[in-house]
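Have a look at the structure below before the remarks.
Residue numbers (the working numbering): 18 to 155.
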């Protein structure tokens, strides 16, 4: 091994060691930043269900008295508020037809065709510790 190859190997080893030693500290700092951002935005993470729970395409949960819809489509998972953004009434979900309707202002949405005149408030969803968590504003 010549001197140039020796220094290349030393550099690789040094950077690998630094990365291995500093990785836990960086992970801790990232977690602290996420918690700080959540508290500044006023988001509180609430447990919804276990990761291995059987889901249909549209599922309704009540978390802290608020209706939450969990939608599974094309391998993606979304969390939507079950309160009408126009009139603030509860939405009526039909799992058979995969539709959602507000009886007060007559707006509706079809989850199969992804069409309708109802605009949902999308909520952040997080997979952590083998379960799903929803970010609710305080």
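Glycine residues also receive a C-beta, built at the ideal position from the N, C-alpha and C atoms.
Being a predicted model, the structure only gives us computed values, none of them experimental.
For residue 26, same chain residues with a beta-carbon under 6 angstroms away, outside a window of 5 residues either side, do not exist. With a contact defined as Cβ atoms closer than 8 angstroms, residue 103 and residue 74 miss out at about 24 angstroms. Per DSSP, residue 96 is one residue of the beta strand (DSSP E) stretching across 93-98.
For residue 96, the number of other beta carbons within 10 angstroms of its own is at least 16, and it is reported as buried.
Residue 21 sits in a helix when the DSSP states are folded into three classes. The closest CA to that of residue 155, considering only 28, 40, 81, 19, is found on 81. Setting aside the 5 residues that flank it on each side, residue 109 is surrounded in the same chain by 117, 118, 119, 120, each with a C-beta closer than 8 angstroms to its C-beta; the list follows chain order. By the criterion of at least three beta-carbon pairs nearer than 8 angstroms, the segment 129-140 is in contact with the segment 84-101. Between the C-alpha atoms of residue 85 and residue 23 there is a straight-line separation of about 60 angstroms. Assignment of residue 137 by DSSP, reduced to helix, strand and coil, places it in the coil class.
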